[in-house]
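Report on the following structure.
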Amino acid sequence: MLLNRRNGMQESMPSTFSSMLDRFFNESVNNRTFTGFAPQLDACETEQGYELSLALPGVKKEDIMIDFQEGALTISGERRMESKEENKRYHLLETQYGAFSRTLYLPDRVNPDKIEARLNDGILEVFVPKDEHKTKKRQISISDSSESSAASSENGRKEVKSKN
């Protein structure tokens with residue numbers, strides 16, 4: 182007996198939440214490599230940074246790699262199937278196994294040196310902090326042109342006036 186389970190609605194209907202995440206993460210949701218296993222991803226933004234959660238039940242810490250390069254955070258790994266017993270005959274096997282890779286393009290105001298990750302009860306949590314220097318609002322003062330020329334002569338620059 183073989184049971185097939187299909188969900189055609191999922192493939193044909195765009196998700197509003199996915200569309201929102203696409204815009205936020207620069208089309209990151211659709212930028213995944215499908216190799217048989219695509220972990221579910223939740224992403225949200227706080228004042229301090231970006232919080233990502235991936236459902237990775239059965240995946241060991243040693244089988245996960247997290248890289249950050251040129252604004253792209255890539256989480257990859259593999260969920261390995263335990264060896265099947267020869268005397269078992271599966272009638273239904275819904276658990277997905279195999280390699281996976283998810284890439285998210287983050288805004289340039291993050292601090293890659295302080296990215297943290299932990300795996301707890303099959304959930305990988307990644308925190309990408311915002312760089313406070315890049316997110317601070319600064320007031321820029323505007324000087325008069327006369328102040329600008331006075332400042333340049335005070336800085337050791339010599340003003341040259343043309344004779345007309």
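If you read the sequence shown in the numbering used here, its first letter stands for residue 182, the second for the next number, and so on. Virtual Cβ for every residue (Gly too), placed ideally from N, Cα, C. Here the structure is a predicted model, which is why all the values come from computation and not from measurement.
- Item | Beta-ladder partner(s) of N226, from DSSP | In the sequence on display, residue 226 carries Glu and not Asn. Paired residues: Y231.
- Quick check: the region 265–283 against the region 302–322, are there 3 or more CB pairs under 8 Å? no
- Is the number of C-beta pairs between the region 311–323 and the region 287–302 that are closer than 8 Å three or more? In short, these stretches touch, since the Cβ pair count reaches three.
- Would you mind reading off the limits of the beta strand (DSSP E) that contains T255? 253–260
- Under 7 Å Cβ to Cβ from Q229, same chain only, skipping five residues before and after it: list those, please. P310, K311
- Starting from Q221, trace the beta strand (DSSP E) both ways and give me its first and last residue. Boundaries for Q221: no beta strand (DSSP E) harbours it, and the DSSP string shows neither H nor E there.
- Item | Opening and closing residue of the beta strand (DSSP E) in which E297 lies | 297–301
- Item | Local Cβ density within 10 Å of I245, reported as buried at 16 or more and exposed below that | buried
- Taking only the alpha-carbon atoms, compute the straight-line gap between A298 and G239 and give it to the nearest angstrom. Each residue's alpha carbon lies about 17 Å from the other.
- Please report how far the alpha carbon of S327 lies from the alpha carbon of P288, in whole angstroms. Cα to Cα, S327 sits roughly 39 Å from P288.
- Query: In this structure, does DSSP put K269 in helix, strand or coil?
  - Reply: coil
- Message: Let me confirm a value: I323 is counted as buried when at least 16 other C-beta atoms fall within 10 Å, else exposed. Which label applies?
- Response: exposed
- Message: Taking DSSP's pairing of strands, which residues face L285 in a bridge?
- Response: L254
- Task: Could you tell me how far apart the beta carbons of L237 and P220 are, in whole angstroms, since I believe they sit closer than 8 Å?
- Result: 5 Å
- Kindly indicate which residue of K242, E243, L254 has the alpha-carbon position closest to the one of Y231. L254
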